[in-house]
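Protein chains in written order, with my numbering: chain A, 148 to 398; chain B, 148 to 398; chain C, 148 to 398; chain D, 148 to 398; chain E, 148 to 398. From the three backbone atoms N, C-alpha and C, an ideal C-beta is built for every residue, glycine too. Since this is a predicted model, take the numbers as computed values, not measurements. Below is one structure, written out as structure tokens; comments come after it.
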Amino acid sequence: MDLATIIGIVLGMVLILMAILLGGELGLFVDVVSILIVLGGGTCAVMIRFGLKDLTNAFKVAGNAFKDKTAPLGELIDKIEELATLARKEGLLALERVSFDDLFLQKGINYLVDGADSEQLQTLLYTDLANTGSRHENGSKIFAGLGDAFPAFGMIGTLVGLVNMLANMDDPASIGPAMATALLTTLYGSVLANLISLPIADKLSLRAEQERARKNLIIEGLLGIQKGENPKILREFLETYMPPVERKKDE
Amino acid sequence: MDLATIIGIVLGMVLILMAILLGGELGLFVDVVSILIVLGGGTCAVMIRFGLKDLTNAFKVAGNAFKDKTAPLGELIDKIEELATLARKEGLLALERVSFDDLFLQKGINYLVDGADSEQLQTLLYTDLANTGSRHENGSKIFAGLGDAFPAFGMIGTLVGLVNMLANMDDPASIGPAMATALLTTLYGSVLANLISLPIADKLSLRAEQERARKNLIIEGLLGIQKGENPKILREFLETYMPPVERKKDE
Amino acid sequence: MDLATIIGIVLGMVLILMAILLGGELGLFVDVVSILIVLGGGTCAVMIRFGLKDLTNAFKVAGNAFKDKTAPLGELIDKIEELATLARKEGLLALERVSFDDLFLQKGINYLVDGADSEQLQTLLYTDLANTGSRHENGSKIFAGLGDAFPAFGMIGTLVGLVNMLANMDDPASIGPAMATALLTTLYGSVLANLISLPIADKLSLRAEQERARKNLIIEGLLGIQKGENPKILREFLETYMPPVERKKDE
Amino acid sequence: MDLATIIGIVLGMVLILMAILLGGELGLFVDVVSILIVLGGGTCAVMIRFGLKDLTNAFKVAGNAFKDKTAPLGELIDKIEELATLARKEGLLALERVSFDDLFLQKGINYLVDGADSEQLQTLLYTDLANTGSRHENGSKIFAGLGDAFPAFGMIGTLVGLVNMLANMDDPASIGPAMATALLTTLYGSVLANLISLPIADKLSLRAEQERARKNLIIEGLLGIQKGENPKILREFLETYMPPVERKKDE
Amino acid sequence: MDLATIIGIVLGMVLILMAILLGGELGLFVDVVSILIVLGGGTCAVMIRFGLKDLTNAFKVAGNAFKDKTAPLGELIDKIEELATLARKEGLLALERVSFDDLFLQKGINYLVDGADSEQLQTLLYTDLANTGSRHENGSKIFAGLGDAFPAFGMIGTLVGLVNMLANMDDPASIGPAMATALLTTLYGSVLANLISLPIADKLSLRAEQERARKNLIIEGLLGIQKGENPKILREFLETYMPPVERKKDE
């Protein structure tokens, strides 16, 4: 579970609720039509941009913003050092006996065992590296798109409300409440963008980056194993890919 | 038909209409002069930027945002595997007998059959790749330009209305309706930009990207066929260009 | 004549005038001091940025936004094919007898005839290519700068007017007209930026790009002539630089 | 101590306090709920983006914005010249006897002494260079994120306040104070972003850049030492990495 | 003297003064506290970002925005042609007798005379080229930072004023003047950013670019002299670095 995402959204909502309840009553801030305009309109705009399939996928991928499933890089480096030691002692074919959770590592080891040369290995794995991560990237773009579209439709809703209010200014008593309702769509648009869509877009983009960094480290490790590098030196080299703080902990 | 584009625009308009009708009457929101200023002014600004021919082309190209004509990459890879098998068995010249819907693939096969070497093939096809897609890109830029210009002319219209209203504030009763009308251009500008122009610009840019990805895959496939690569390995390599989800389905 | 630029500006102004006249009278919208602040202030800001000489040049170059002088790429390719045929038949020196309107083509042919080798030719022409186009680019940057500065000075003018109005609120009757006048600078800034400066900046940038594409095509053509390439193949290669639509027409 | 950061923040706060006290009383400007919404909401949004661990790290790293610990480049160049002289006279192994505060320099010297060749040295050190600095960069991104999120939650707080005020406009006397409170969140968001978060983000990014420049200079120095370059010439070359002003002082 | 900078700032101020005096009196627009908040607050924010030393340097460098000291490129090319002729006739050592105002040219000639080979020459001069210009760039960034910070503190000042005014709305007569004062900081921030800081930032960035172009031309010239190139051909090659207009004048 990615606690940060859940705590962030829940706590953010609680803070906004607190502001509402301390100054008035919740009922004033709930308006179904306003919610429909902002949520629906923003989603429509993004649907045109990316198509139905990508939009649906994005919501599936968004689940990843709530999960924290990346195993630490340190464990991966341990594993690669182990494989390098095994390969040095018993040859590359010995790697066939080991199995992995990580699909990308498995794939690379399969190429190694099948006798792909260094150049083939790089071509195959870097092409894969360049083309994956795109699902997360795509999800990130769609949430960033929602983060653009929600405030825009918030403003459109407010403009509709203002025009209606201004055209019917006969009853001064109704001006205040009418304008309050008009502002609701702007409020919804701003909360949906700044507390939900934009942060999730950034989290998904971070996930894509982590995935790429991880795959890069795996490729470097596999090339080192193939060259029969000294496992200790290979480990030291791979550790330069980790932030210095985490590195220290391992020692 | 690209349903997402059509549903997105229609549903978005319905939501805005709903907001209008629940709060007042449609007549308040229709003003021909305001529409002329925003639509006309925005189009004028974009016409200066890109010229008449490009503007007209953009509207033709925009049709593509409503059509979904890209055949799935999976089918293309099947086709290339088939060609690779044929070329291996009966030689490159055998490819002459096959014909294709895809003009770019046809062109590449023609070069292959005509005996272009690997370097020539790459030069010719990559230059073509670099230069096409530009029609979609151009259309995308023009719609993005409209997405900039419509809100600007919306604001210009509102300023004109405000100046007129402020200079004639003798009759307080007329202030409300005059200001309501003044705000209409801002509303039009915002809807035209955020529901129509900007999403279509993004969709056209996505189409250009898909076209480029497709051509790239074709070039890689043709180079593999020319080298006489094993069709299975070629297939596996080309599949790294597909998102992992779609890849799985094939298996 | 680049009709798009002229029609765009004139029609845009007509639309704004129409909005003005339908809602009030033109006199309300003309204020010499306001015009001086926006036009003068914006020009001052840009003068500091780029200097007097560049500013003056920019206005000269801006004329190009109103002229459409680029000969179609198709004609240029015809010319190059012709030269390639001549060079093949009678040798490179025969090119000396031909003369050209296009100064860049002339220059390249001169180098060819003088016996520059392929590397020298590329160095000389690509350096020229990298350094020209800068006049248009410079003009484009200056108009983009004006497009930034006009709205800023529009806002400054409005703030000055608002402060004056607010400090003298004794006579309620004068508030409306004073505020109307204050808004005029914002209106001027917005029209000058969105209808004139920014579109012209983009048009000049497009011209620079077209010039670069043209020179690139000429360089590729000259290199092909030097290598003694088959004129038909050279033509086909150069045509990949044209948008597919225009290409079709030639055939 | 980085005096600039401390003076900047303290003096900035004093100026704002002065403005407050000259126009009213401090009590008007302190509202705990408003502070909670802006500080809490903004932090929640950033927590979703980057996760708890990165957020906590960012506050630790932020301490660096208040410390000025980078030794001048001039001293580093003196050190490298000394090492180059030593290595020339007594061989690379003599460097083993020297010890350094700078961990990166120490690491590079160790590689040198261990007999790494020029290519290995570059691979190891440049990979380290590319991967470090990321802690500062990460801290910088998080503060930039706060600089985005604080004004957004400032606006959200103001919208909540406005809706509450507008819905209860019965008592005209309460409008002013209610609106004053509503504006407080916007004020907080603006001060937190423009006086604290964004400047600290830039300072951390500057620190990362300085660290990179320093490591780059060390790598160039080590490569020069390995090649046995003349210490004077090496010094002159390394000094091109310093701003000319500082260079002059050394002479 | 860079007349454009001086005229731009003076004339811009005159225009704003004119707008003030035609609509009211100067006294309304001068408020020492407001000036302190905007100037002081903006400077504090930038001080945190860049540190005291860089801020002080930036004001020194800013003087360059008011000086026009770059000798025309034409003269530099004349000088290089002369040196090339001398070197061809009497050998590279003859260059030792010539002396130059331009420090960079002097330095390059010294390397030439000292017998540096082509590669050394390029390494030394391009490293210098990459590292200088940074003083101007730094000054430019700091003024761009001020251009961001002044409007932000203008807004902060206005918010403080508005909160004070709204909390004390008992006396309607005081509302106008209080709001007028509140708006002053926004006005100051806008003028300081758009008439002073941002244009000076751009001018300094232009100066950095000109310096880089000049040094680039000098490096190309020195490499040509070293290779013993024909002075005429060298001249023609160097002239491609000049804008075509200026080139024409020389002929």
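Tell me, to the nearest whole angstrom, how far the beta carbon of Leu385(D) is from that of Glu367(D); I am working on the premise that it is less than 8 Å. Cβ-Cβ separation between Leu385(D) and Glu367(D): approximately 6 Å, consistent with a contact (criterion under 8 Å).
What residues from chain B crowd round Met326(C), counting only those whose CB sits closer than 7 Å? The contacting residues are Leu313.
Does Gly187(B) get closer than 8 Å to chain A when you measure Cβ to Cβ? Answer no: the Cβ-Cβ gap between Gly187(B) and chain A never drops below 8 Å.
Using beta-carbon positions only, say whether Leu268(C) and Leu369(C) come within less than 8 Å of one another. In this structure, Leu369(C) lies closer than 8 Å to Leu268(C) by Cβ.
On a Cα-Cα basis, can you pick out the residue from Asn315(B), Ile303(B) and Leu150(B) that is closest to Lys214(B)? The candidate whose alpha carbon is nearest that of Lys214(B) is Leu150(B).
For Met194(C), the three-state DSSP class (helix, strand or coil): Judged by DSSP in its simplified three-state form, Met194(C) adopts helix.
Could you tell me whether the stretch 313-322 of chain D touches the stretch 190-209 of chain D, using the rule of 3 or more Cβ pairs below 8 Å? Because the criterion of three Cβ pairs below 8 Å is not met, the stretch 313-322 of chain D and the stretch 190-209 of chain D do not touch.
Which residue from Thr152(E), Ile289(E) and Val193(E) puts its Cα closest to that of Ile347(D)? Residue Val193(E) is the option with its Cα nearest to Ile347(D).
Please state whether DSSP places Gly375(D) in a helix, a strand or coil. Judged by DSSP in its simplified three-state form, Gly375(D) adopts coil rather than helix or strand.
How is Thr172(B) classed by DSSP in three states: helix, strand or coil? Sequence inspection shows Glu at residue 172(B); the Thr mentioned does not correspond to that position. Look at Glu172(B) here: in three-state DSSP terms it is coil, with no helix or strand label.
The alpha helix (DSSP H) that contains Arg244(E), what's its start and end? Per DSSP, Arg244(E) lies in no alpha helix (DSSP H) segment and is marked neither H nor E.
Would you mind stating whether Val260(B) and Leu230(B) have Cβ atoms separated by less than 8 Å? Contact flag unset, no.
Reducing DSSP to helix, strand and coil, say where Ala320(E) ends up. Of the three classes helix, strand and coil, the one that applies to Ala320(E) here is helix, per DSSP.
Leu220(A) lies in the alpha helix (DSSP H); which residues open and close that run? First-last of the alpha helix (DSSP H) with Leu220(A): Leu220 to Glu237.
For the alpha helix (DSSP H) holding Asp295(B), just list the boundary residues, first then last. Counting along the chain, the alpha helix (DSSP H) containing Asp295(B) begins and ends at Ser281 to Ala314.
Please state whether DSSP places Asp248(C) in a helix, a strand or coil. Asp248(C) falls in the coil class under three-state DSSP.
Which value, in whole angstroms, describes the spacing of the CA atoms of Lys379(A) and Phe290(D)? Answer to the nearest angstrom: the Cα atoms are 37 Å apart.
Please list, in chain order, all residues of the same chain as Asn254(D) whose beta carbon is under 7 Å from its beta carbon, the five residues on each side excluded. With the sequence shown as reference, residue 254(D) is identified as Lys, and Asn is not the correct amino acid for it. Within the same chain, Lys254(D) has no close Cβ partners at all.
Could you tell me the distance, in whole angstroms, from the CA atom of Gly251(E) to the CA atom of Thr232(D)? Correcting the residue identity first, residue 251(E) is Phe in this sequence and not Gly. Distance between the alpha carbons of Phe251(E) and Thr232(D) is about 28 Å.
Can you give the beta carbon distance from Gly301(B) to Thr328(B), rounded, assuming they're within the 8 Å contact cut? Not quite, the Cβ-Cβ distance comes to about 13 Å (not below 8 Å), so this is no contact.
Beta carbon proximity, Phe300(A) to chain B, threshold 8 Å: At least one chain B Cβ lies under 8 Å of Phe300(A).
Whole-angstrom distance between Leu364(A) and Ile224(A), CA atom to CA atom: Separation of Ile224(A) and Leu364(A) (C-alpha to C-alpha, rounded to the nearest whole angstrom) is 8 Å.
Out of Asp349(A), Ala299(A), Leu330(A) and Ala296(A), which one is the CA nearest neighbour of Asn110(A)? No answer is possible for residue 110(A): the residues shown for chain A start at 148 and end at 398.
What is the C-beta distance between Val185(D) and Leu339(D), in whole angstroms, given that I count them as a contact (C-beta under 8 Å)? Indeed they touch by this definition, with Cβ atoms about 7 Å apart.
For Leu334(C), tell me which candidate among Phe297(C), Leu353(C), Leu158(C) and Arg282(C) has the shortest Cα-Cα distance. For Leu334(C), the nearest C-alpha among the options comes from Phe297(C).
Check the Cβ of Ile182(A) against every Cβ in chain D and list those closer than 9 Å, keeping chain order. Residues of chain D whose Cβ lies closer than 9 Å to the Cβ of Ile182(A) do not exist; the shortest such Cβ separation is about 14 Å.
Residue nearest to Ser287(D) in terms of C-alpha spacing, selected from Lys226(D), Asn257(D) and Val208(D): Minimum Cα distance to Ser287(D) is reached at Val208(D).
Grouping DSSP H, G and I as helix and E and B as strand, with all else coil, what is Val185(D)? DSSP places Val185(D) in helix when its eight states are reduced to three.
Distance check for Glu383(D) and Thr274(E), CA to CA, integer angstroms please. Distance from the CA of Thr274(E) to the CA of Glu383(D), rounded to the nearest whole angstrom, comes to 11 Å.
Going along chain D in order, which residues have a C-beta closer than 7 Å to the C-beta of Ile154(A)? Neighbours of Ile154(A) in chain D, taken as residues at a C-beta separation under 7 Å, are given in chain order as Met194.
Would you call Ala277(E) buried or exposed, if buried means 16 or more other Cβ atoms sit within 10 Å of its Cβ? So Ala277(E) ends up on the exposed side.
Specify, as a first and last residue, the run of the alpha helix (DSSP H) that Asp201(C) falls within. In this chain, the alpha helix (DSSP H) harbouring Asp201(C) covers Leu199 to Ala209.
For a test of the three-state rule: what should DSSP assign to Tyr273(A), helix, strand or coil? Tyr273(A): helix per DSSP, three-state reduction.
If the criterion is Cβ atoms closer than 8 Å, does the pair Thr152(A) and Ile195(D) meet it? A contact, by the Cβ cut-off of 8 Å.
For Asp295(C) and Met389(D), the rounded distance between their alpha carbons: Rounded to whole angstroms, the gap between the alpha carbons of Met389(D) and Asp295(C) is 35 Å.
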